[in-house]
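Engineer:
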Amino acid sequence: MAQKNILDNIISLAKRRGFVFQSSEIYGGLNGCWDYGPLGVELLRNIKESWWKHMTYRDNIEGVDAAILMHPRTWEASGHVQQFSDPMIDNKTSKARHRADNLIEDYIERLRKKGKTHEADALEQRLSEAVEPIDYYNIIVDAEIPDPVSGTTDWTDVRNFNLMFKTFIGPLEETSAVVYLRPETAQGIFVNFKNVMESARQKVPFGIAQIGKAFRNEINTKNFLFRTREFEQMEMQYFVKPGTEEQEFDYWREQRWNWFLELGMKPESLKLKPHEKLAHYAKAAVDIEYLFPFGWGEVEGIHSRTNHDLSRHTEFSGKKLEWVDTASGERFVPYVIETSVGASRSFMAFLCNAYDEETVTDENGKAETRTVLRFHPKLAPVSAAIFPLVNKDGMPDVAEALYRDLQKHFKVQYDDKGAVGRRYRRQDEIGTPYCITIDGQSVADQTVTIRERDSMQQIRIEISNVKSYLLERLA
Ligand code: ATP
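If you read the sequence shown in our numbering, its first letter stands for residue 283, the second for the next number, and so on.
1) Can you list, in chain order, the residues of its chain with a C-beta nearer than 6 angstroms to that of P428? Leave out the 5 residues immediately preceding and following it.
2) Among E612, V623, L545 and E604, which one has its Cα closest to the Cα of I570?
3) Got a sec: does ligand 1 put a non-hydrogen atom nearer than 6 angstroms to the Cβ of V431?
4) Out of curiosity, what's the CA-to-CA distance linking R733 and S332?
5) In whole angstroms, give me the CA-to-CA distance for A726 and N328.
6) I'd like the span of the alpha helix (DSSP H) that includes I371, first residue to last.
7) How close, in whole Å, do the beta carbons of L756 and P663 come, if the pair is a contact with beta carbons under 8 angstroms?
8) What did DSSP end up calling T356 once you bin it into helix, strand or coil?
9) Can you check the segment 516–542 for any beta strand (DSSP E) of at least 3 residues that lies completely inside it and give the ranges in chain order?
10) Starting from the C-beta of R509, find all residues in its chain whose C-beta is less than 6 angstroms away, skip the five residues before and the five after it, and write them out in chain order.
11) How about R538: is its Cβ closer than 6 angstroms to a heavy atom in ligand 1?
12) Would N477 and S432 be called neighbours here (beta carbons separated by less than 7 angstroms)?
13) Would the beta-carbon of G583 be found less than 6 angstroms away from any heavy atom of ligand 1?
14) Taking 6 angstroms as the cut-off, is the CB of F513 close to at least one heavy atom of ligand 3?
15) Report all residues from its chain with a CB closer than 7 angstroms to the CB of V460; omit the five preceding and five following residues, and keep chain order.
16) Between the Cα of G322 and those of E612, T375 and L633, spot the shortest distance and give me the residue it belongs to.
17) What is the rounded straight-line gap between the Cα of P715 and the Cα of Q740?
18) Does ligand 1 have even one heavy atom less than 6 angstroms from the beta-carbon of S622?
19) Can you find a heavy atom of ligand 1 that lies under 6 angstroms from the Cβ of R627?
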């Protein structure tokens with residue numbers, strides 16, 4: 283099936299089954315914002331929980347949950363007030379607005395698809411050789427890049443557009459009251475470096491992790507949850523002794539790569555992409571990219587950032603942010619290895635990774651399409667579904683007792699409507715890994731069948747063992 287259709291099918295399933303809704307849909311929606319429905323919120327929580335355990339269930343990583351609104355000087359120190367902007371260009375005919383860099387990149391891709399390799403290479407080379415600040419306007423005009431909407435080449439100038447959302451503290455909308463919705467969670471970690479190190483009695487190397495909302499007034503939102511204006515990040519800053527950053531960078535790149543694989547990402551859908559251009563202070567940077575139905579896209583960045591961030595905050599706040607070893611007297615400003623992954627963007631990656639359509643034969647031997655979300659059991663929004671085969675002969679009593687018991691430990695669903703085959707399909711479509719059926723034999727000998735989602739194989743086990751069966755696979 284065409285990749286475009288797959289994305290449409292995923293988005294439609296996400297809405298129909300309650301994973302993701304358009305924000306304020308009854309008012310026509312709000313661009314770039316999405317709401318997580320009953321199943322979506324479970325999946326998102328499971329992703330965040332899994333990240334949190336992977337990152338903080340260690341000796342030397344502590345968590346924080348910093349405020350979204352921060353002192354405005356934070357964003358001067360971080361460089362966001364000065365530099366966190368995207369180049370924006372409008373087409374005069376269609377009035378369509380584009381990010382100038384994306385317009386060029388998309389055009390290069392279109393050239394390649396048409397076999398115009400030479401032109402694509404030349405344009406790519408010009409882009410890679412351009413020095414900051416890049417003169418996007420002349421690149422677009424020289425290459426005669428047409429607007430994908432109108433096909434014309436009448437462009438406005440390129441303007442820089444700061445992506446931070448601005449608001450005001452207190453009743454007066456004046457410059458002195460301006461605050462920003464944080465565009466990343468990292469700064470809440472840097473400003474708490476000393477607080478955490480001292481209160482948790484940590485020594486370098488140690489890390490601070492945070493999960494939280496971030497906001498960016500993106501010029502173009504697109505591709506469902508990939509680029510949104512409100513999203514969630516999971517970030518960790520690891521503070522190390524200068525000179526050890528290379529080995530720490532390699533270690534964290536490996537850790538983060540393995541996290542995706544352990545949660546069932548297909549290795550062929552992931553790749554590491556080192557950055558070609560580094561920020562002036564950076565020593566290394568690599569993205570983990572996922573092969574979305576629309577192409578490769580970054581899900582996580584791993585960066586070696588020297589002491590840039592802590593030094594900047596020291597400069598702007600006047601507070602020393604350094605590590606002092608009281609025994610040896612050694613002191614230094616730690617270097618930072620950062621791992622930064624989107625919770626919402628990886629939600630989309632895990633959803634795409636899980637989505638599958640296959641042809642199976644139903645109980646009457648007829649071929650049918652089975653839509654199945656092959657989530658890792660730890661991520662699946664519903665861990666198990668419990669079905670009484672029929673609503674009589676004592677089966678509902680046994681089923682309900684099991685359901686109530688399992689509900690104390692897992693997210694479970696009870697379904698007694700329709701043929702069992704239909705009930706399986708409903709659970710397959712939301713990725714429930716285990717379906718437990720209570721039949722006539724269950725009433726007689728206290729056993730049940732458990733059907734596994736991917737293999738569709740069934741085994742019979744004692745009711746008293748169901749909880750440990752699930753715990754073994756989900757814990
Ligand atoms: P991009 O180049 O795609 O704009 P970025 O390089 O600016 O991303 P970072 O600032 O490194 O992204 O943010 C770290 C992570 O946060 C990204 O890998 C992504 O998973 C997530 N993220 C960033 N911007 C968005 C967004 N607008 N919507 C959803 N997730 C985002």
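The beta-carbon is built from N, C-alpha and C at its ideal position, and this holds for glycine as well.
Structural biologist: In terms of the structure at hand:
1) T435
2) V623
3) no
4) C-alpha separation (whole angstroms): 25 angstroms.
5) 37 angstroms
6) Unbroken run through I371 is the beta strand (DSSP E), S367 to D372; no alpha helix (DSSP H).
7) With a Cβ gap of about 12 angstroms, L756 and P663 do not count as contacting.
8) helix
9) As for any beta strand (DSSP E) of minimum length 3 sitting wholly inside the segment 516–542, there is none.
10) Taking C-beta separations shorter than 6 angstroms and ignoring five residues to either side along the sequence, the partners of R509 in its chain run E500 and T503, following chain order.
11) no
12) Contact: no.
13) yes
14) With respect to ligand 3, the structure offers nothing, as its ligand set consists of ligand 1.
15) P354, K448 and F450
16) L633
17) Taking the Cα positions, P715 is about 12 angstroms away from Q740.
18) Checking the Cβ of S622 against ligand 1 gives yes.
19) Residue side-chain check: R627 places its Cβ nearer than 6 angstroms to a non-hydrogen atom of ligand 1.
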